[in-house]
Amino acid sequence: MEQTLRNFSGTLPLRNLIRIIGTVALLLLIATPAFSQGAGIEWDTLNEEVMSLIQKGQYDRGVVVAKKALDIAEKSVGKNHPTVATSLNNLAVLYEKQGQYAPAESLYKRSLAIREKALGPNHPDVAQSLNNLAQLYDTQGQYAQAEPLYKRSLAIAEKALGPNHPTVATSLNNLAALYKAQGQYAQAEPLYKRSLAILEKALGPNHPAVATSLNNLADLYGTQEQYTQAEPLYKRSLAIDENALGSNHPAVAMDLNNLAALYDSQGQYTQAEPLYKRSLAILEKALGPNHPAVATCLENMADLYRKTGRASQAEELESRAKAIRAIRR
2 MEQTLRNFSG TLPLRNLIRI IGTVALLLLI ATPAFSQGAG IEWDTLNEEV
52 MSLIQKGQYD RGVVVAKKAL DIAEKSVGKN HPTVATSLNN LAVLYEKQGQ
102 YAPAESLYKR SLAIREKALG PNHPDVAQSL NNLAQLYDTQ GQYAQAEPLY
152 KRSLAIAEKA LGPNHPTVAT SLNNLAALYK AQGQYAQAEP LYKRSLAILE
202 KALGPNHPAV ATSLNNLADL YGTQEQYTQA EPLYKRSLAI DENALGSNHP
252 AVAMDLNNLA ALYDSQGQYT QAEPLYKRSL AILEKALGPN HPAVATCLEN
302 MADLYRKTGR ASQAEELESR AKAIRAIRR
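Numbering of the sequence shown is given in my numbering, commencing with residue 2 and proceeding in unit increments.
Next up, the structure:
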């Protein structure tokens, strides 16, 4: 299961690097061999490049490559083939990352329509498309539009794959995140817990996807200022990722950032600062100095510096973060 970054404002006073289970796995869809036959090796190569560019935050270049992949797919297999739906979906992801929600919505809907017609309304790929469209609405705060899509996606996944499949855990997680964003914490918590239980059983207690699930549940507790419940979950998430992925993996940086934010929100600045610094160093090395996650970490450190009377250092970090954000527009 892959992880990605997702920000929920208004949770902790800082910006957590929130890792949502399976969003990359759901958003970036690779056609199965049967479906990709006919699209050609060039399409496969371009599709893999698109995924790599999104992971690196290189969205402008990603759009160019994704459009080329879409053109090849349409010419190779026709406009209503599931492989075209995959290309449409991945181009939509890039537009969404750029904040171009209107074109992203149109592409997601077209991708969904192709899948429903070609594969049937209860196919797992349809569940993926529903999830992605729901997440687009979710990102814009259009919760009433997102919720029924998440629920339908969950129902399809449970029926097609079984109630204990990791994809079901992803759907539960995303629905929980929707409730959390609306402050419906009592509804979110059991979904996060069920998602975690599924992943622990299906993948084992030390899998990175379990770390992600722990992180998301911890964030729910942190949002409610239930710090004693959140801290051990963040620490367990960090330990799993360090052991499974290595100490310099971006997921470890996210864990460090989120644990730092927890300490920061409690005024435990001396505990938070070294974690932020280590997180920043990992992100710069792994993702490059101009990745959006680096900007988030810089902003968090700047906020801490301001609260500890280091205004000039804070301004320096804020300027750098602002420059990164400008590059990504």
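Glycine residues also receive a C-beta, built at the ideal position from the N, C-alpha and C atoms.
Close-in-space but distant-in-sequence residues of the same chain around residue i (CB under 6 Å, 5 per side omitted)
i    : result
I31  : Only weak support exists for where I31 lies, its pLDDT of 45 falling under 50; the value from the coordinates is given anyway. Excluding residues within five positions, none has a Cβ falling inside 6 Å.
Y60  : L95, K98, Q99
M1   : A question about residue 1 goes unanswered here, because the residues of the chain that appear run from 2 up to 330.
Q146 : Y138
T168 : A158, L162
W44  : A70, I73, A74
R62  : L54
T309 : Y270
A219 : A231, L234, Y235
Residues of its chain near residue i, where Cβ-Cβ distance is below 7 Å and the 5 sequence neighbours each way are ignored
i    : result
K69  : L47
K202 : N165
L221 : K181, Y186, A189, E190, Y193
L27  : Reliability fails at L27, whose pLDDT of 40 lies under 50, so the model's placement of it is uncertain and no value is given.
L179 : D139, Y144, A147, E148, Y151
P34  : Note on P34: pLDDT 42, under 50, position unreliable in the model; the coordinate value appears next. Within the same chain, P34 has no close Cβ partners at all.
S154 : A128, L131, N132, A135, S172
Neighbour-count burial assignment, residue i, 16 or more Cβ in a 10 Å radius
i    : result
N244 : exposed
K118 : exposed
L328 : In the sequence under discussion, the amino acid at residue 328 is Ile, which differs from the Leu named in the question. By the neighbour-count rule (16 or more Cβ atoms within 10 Å), I328 is not buried but exposed.
Q185 : exposed
G142 : exposed
Q227 : exposed
A103 : exposed
V65  : exposed
T297 : buried
T271 : exposed
T229 : exposed
S112 : buried
I42  : exposed
S266 : buried
S320 : exposed
P251 : buried
G247 : exposed
Three-way DSSP call (helix, strand, coil) for residue i in this model
i    : result
A40  : coil
R311 : coil
N207 : coil
G100 : coil
N175 : helix
P122 : coil
P164 : coil
L15  : For L15, the predicted model reports a pLDDT of 42, less than 50, meaning its position is unreliable; a value from the coordinates is still stated below. DSSP places L15 in coil when its eight states are reduced to three.
E274 : helix
K236 : helix
S107 : helix
P290 : coil
E226 : coil
K194 : helix
G63  : helix
K80  : coil
Q141 : coil
S248 : coil
Q56  : helix
Q136 : helix
Q188 : helix
Of the residues the options, the one placed nearest residue i, counting alpha carbons only
i    : options                : result
Y306 : I283, T213, G268       : G268
V253 : L263, R111, I241       : I241
L239 : G223, L215, E226       : L215
I115 : H82, L137, L131        : H82
N90  : E232, N133, Y102       : N133
S88  : A324, A67, G247        : A67
T171 : T224, L197, E148       : L197
L299 : T309, G310, A287, A324 : A324
A86  : A40, Q101, D256        : A40
Q136 : S266, G247, L173       : L173
K80  : G289, L108, N207       : L108
E50  : A282, V78, K160, L92   : L92
R195 : Q101, N217, R326       : N217
Same chain, Cβ closer than 8 Å to residue i, five either side skipped, listed in chain order
i    : result
K152 : L176
K110 : L134
N258 : N17, L18, L276, Y277, S280, T297, C298, N301
K57  : L288, G289, H292
D126 : L30, P83, A86, R116, L120
R237 : A212, L215
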